[in-house]
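Student: Residues in the sequence shown are numbered consecutively from 23, following our numbering.
Backbone N, C-alpha and C define an ideal beta-carbon position, used for all residues, glycine too.
On a predicted model such as this, the values are computed, not experimentally measured, just so you know.
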Amino acid sequence: MSEYCELCHSHNLTHLLKKDVKSKHFLNIVSCEDCGLIAQKEIPSDEELKIYYSHNYRQDYKSTYSPKPKYVQRAGQAALDRIQYLEKHLNIRQQTLIDVGAGGGEFVYMAKQRGFLSSGIEPNVGYSSFSKEQYGVEVKTAMLADVEESSADVLTLFHVFEHMAKPDEVMKKLHRCLKENGHLFIEVPNILQADASPHNIYFKAHLFYYSRHTLISMASPYFEVVNVEDQGNLRVLFKKRTQVLESTTLPTAQAVQYAQQRLQKKGWFEYLVLAGGIFKPLLRIERIVAEAFISKKQPKQILDDLLADEKQTSYFIPRRQVKRAGAWSIASGLGLITYEVLF
Ligand SMILES: [Zn+2]
């Protein structure tokens, strides 16, 4: 948004230089003083984005995608968590669900196993063929523009909306693709999240940086809010409005001020001390230990095991918790030994 704000159309913009997490090159970031929206200054055209996502994104996968078991496991855990969230808030049986930007198809497959009539769209041909071959699910190599009107009861976008260049037009399209009383579930990185390293915020591929206030505001003409979670990532479950409103409900002055203060405070002290970032290396060891036990299973088997694990309990504790506890003990043991050796 180089000239004016995409949300409130104000020209009152502050320009910032921030480092791209991956390349360490500087990115031009713009923050709106009136509504608090944060975005990249240079927004690529639709055509450029289409080429970028269908060919270049995650170049290391190119046209063949064969993730390591640990990545399937992580994607599967995230998918299960999102399904549980939807199950908590919606009656999902026999609902048509389209996952926009379906990636490797883990969510589409697991949602189908849980009773959704799920399919997906994904611009990258490597990912979409992987989903079809490994999980036998329907994931079309397509963009949002290709989705038909009134074709879904539920639309999901996981870490996709922040990549989209024209958020207002996207909201309008999502509204049209949903059936009456349909739901939209969006998850994006949360710009106000305390629990994120200050080194891990600005990405070249992320065109917009939402808070709960700016995301809800962006959706306000088309959707009403059912539920918001913003402790970690930002998750909002929306319900389709019967009639599109003519005006946007902008964030209140207090919300804008709060966001500005939070962003100024966002630094290493907050991350390491207040948000517990100092413990992250221990969590990382826990994950490495836990992932060392994932055998070379087929991707589908990994996801089936995650679904089965959730149902099985040993002494009323889910097996996943037992594994976590085991991994934690080993990780703390390693931590203690390291401490003894060093000090
Ligand atoms: Zn604005």
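When the Cα atoms are used, what is the spatial distance from P243 to L177?
Tutor: The count along the sequence shown starts at 1 and reaches residue 243 at position 221. The count along the sequence shown starts at 1 and reaches residue 177 at position 155. Approximately 17 Å between the Cα atoms of the pair.
Student: Return the CA-CA distance between D380 and V43, expressed in angstroms with no decimal places.
Tutor: Absent from the structure is residue 380, since the part of the chain shown begins at 23 and ends at 365.
Student: In this structure, does DSSP put S151 in helix, strand or coil?
Tutor: Along the sequence shown, one-based indexing puts residue 151 at 129. When DSSP states are grouped into helix, strand and coil, S151 belongs to the helix group.
Student: Output the distance between the C-alpha atoms of K84 and L267, rounded to the nearest integer angstrom.
Tutor: On the sequence shown, position 62 is the one that residue 84 refers to. On the sequence shown, position 245 is the one that residue 267 refers to. Caution is warranted here: a pLDDT of 46 is assigned to K84, below 50, making its placement in the model unreliable, and the coordinate value is therefore given only provisionally. Approximately 42 Å, taken between the alpha carbons.
Student: Using a C-beta cutoff of 9 Å, does Y75 count as contacting chain C?
Tutor: Chain labels in this structure do not include chain C; a single protein chain is all it has.
Student: Taking 7 Å as the limit between beta carbons, can you name the residues of its chain near E246, skipping five residues before and five after?
Tutor: Working through the sequence shown from its first residue, we reach residue 246 at position 224. Answer for E246: F260, K261, R263, listed in chain order.
Student: According to DSSP, G355 sits in a beta bridge with which residue or residues?
Tutor: Position 333 of the sequence shown holds residue 355. According to DSSP, which records beta bridges pairwise, G355 is partnered with nothing at all.
Student: Quick one: what's got a C-beta closer than 7 Å to L71's C-beta in the same chain, skipping five residues either side?
Tutor: As a working note, residue 71 is residue 49 in the sequence shown. Answer for L71: A187, listed in chain order.
Student: Of all the options V182, K41, N50, which has the alpha carbon lying nearest to the alpha carbon of M23?
Tutor: For the purposes of this step, residue 23 is identified with residue 1 of the sequence shown, where counting begins at 1. M23 has its Cα closest to that of N50, out of V182, K41, N50.
Student: Return the bridge partner residues of L59 from the DSSP annotation.
Tutor: On the sequence shown, residue 59 is found 37 positions in, with the first residue counted as 1. Paired residues: none, contrary to the question.
Student: Can the beta-carbon of L112 be found closer than 9 Å to that of H205?
Tutor: Walking along the sequence shown from the start, residue 112 turns up at place 90. Walking along the sequence shown from the start, residue 205 turns up at place 183. The answer is yes: Cβ separation under 9 Å.
Student: Tell me whether H37 sits in a helix, a strand or coil according to DSSP, three-state version.
Tutor: Position 15 of the sequence shown holds residue 37. In the structure shown, H37 sits in a strand (DSSP, three-state: E or B).
Student: Determine the extent of the beta strand (DSSP E) in which L200 is found, giving its start and end residues.
Tutor: The residue labelled residue 200 in the question sits at position 178 within the sequence shown. Residues 200-210.
Student: Taking 8 Å as the line, does the beta carbon of H31 fall inside it for any heavy atom of ligand 1?
Tutor: Here residue 31 corresponds to residue number 9 of the sequence shown, with the count starting at 1. Answer for H31: yes, Cβ within range of ligand 1.
Student: I324 and G98 look like a contact to me (Cβ under 8 Å); what is the Cβ gap, rounded to whole Å?
Tutor: By one-based count along the sequence shown, residue 324 stands at place 302. By one-based count along the sequence shown, residue 98 stands at place 76. So it is a contact: roughly 6 Å between Cβ atoms.
Student: Tell me which residues share the same chain as S354 and place their Cβ nearer than 8 Å to its Cβ, disregarding the 5 neighbours each side in the sequence.
Tutor: For the purposes of this step, residue 354 is taken as the residue at position 332 of the sequence shown. So the list reads L304, once near-sequence residues are dropped.
Student: Any idea if H31 is buried or exposed, counting beta-carbon neighbours within 10 angstroms, 16 or more meaning buried?
Tutor: Taking the sequence shown and counting its residues from 1, the one referred to as residue 31 is at position 9. Exposed is the call here.
Student: Might you give, ordered along the chain, the residues of its own chain that have their beta carbon closer than 6 Å to the beta carbon of H129, omitting 5 neighbours on each side?
Tutor: Position 107 of the sequence shown, counted from the first residue, corresponds to residue 129. Correcting the residue type first, residue 129 is Phe in the shown sequence and not His. These residues qualify, in order along the chain: A101, D121.
Student: Just to confirm, does C27 get its C-beta within under 8 Å of one of the non-hydrogen atoms of ligand 1?
Tutor: Working through the sequence shown from its first residue, we reach residue 27 at position 5. True, at least one ligand heavy atom lies under 8 Å from that Cβ.
Student: Can you round the beta-carbon distance between K92 and E313 to whole angstroms, since I take them to be within the 8 Å contact cut?
Tutor: Within the sequence shown, the letter at position 70 stands for residue 92. Within the sequence shown, the letter at position 291 stands for residue 313. Right, their Cβ atoms sit about 4 Å apart.
Student: For the beta strand (DSSP E) containing K261, list its first residue and its last residue.
Tutor: Within the sequence shown, numbered from 1, the residue matching residue 261 stands at position 239. It spans 256-262 - the beta strand (DSSP E) in which K261 sits, taken as one unbroken run.
Student: May I ask you to check if the CB of L59 is nearer than 8 Å to at least one heavy atom of ligand 1?
Tutor: For the purposes of this step, residue 59 is taken as residue 37 along the sequence shown, with counting starting at 1. L59 Cβ: within cutoff of ligand 1.
Student: Thinking C-beta only, is R257 closer than 9 Å to E209?
Tutor: Along the sequence shown, read from residue 1 onward, the residue named residue 209 stands at position 187. Along the sequence shown, read from residue 1 onward, the residue named residue 257 stands at position 235. In this structure, R257 lies closer than 9 Å to E209 by Cβ.
Student: Does G142 come out as helix, strand or coil in the three-state DSSP assignment?
Tutor: As a first step, residue 142 is located in the sequence shown; it is residue number 120 there, counting from the start. Note: G142 maps to strand in three-state DSSP.
Student: Buried or exposed: T274, going by 16 or more other Cβ atoms within 10 Å of its Cβ?
Tutor: Here residue 274 is taken as the residue at index 252 of the sequence shown, counted from 1. It counts as exposed.
Student: Taking the alpha carbon of Y75 as the reference point, which residue from Q106, E28, L166 has its own alpha carbon closest?
Tutor: On the sequence shown, residue 75 is found 53 positions in, with the first residue counted as 1. Selected option, being the one with the closest Cα: L166.
Student: Smallest Cα separation from L35: which of G158, L59, I105?
Tutor: Within the sequence shown, the letter at position 13 stands for residue 35. Measuring from the Cα of L35, the nearest candidate turns out to be L59.
Student: Which of the three DSSP states is assigned to A174 in this structure?
Tutor: The residue you call residue 174 lines up with position 152 of the sequence shown. Reduced to three states, the DSSP call for A174 is strand.
Student: Quick check on DSSP: helix, strand or coil for K162?
Tutor: Sequence index remark: in the sequence shown, residue 162 carries index 140 (1-based). Residue state, collapsed to three classes: strand.
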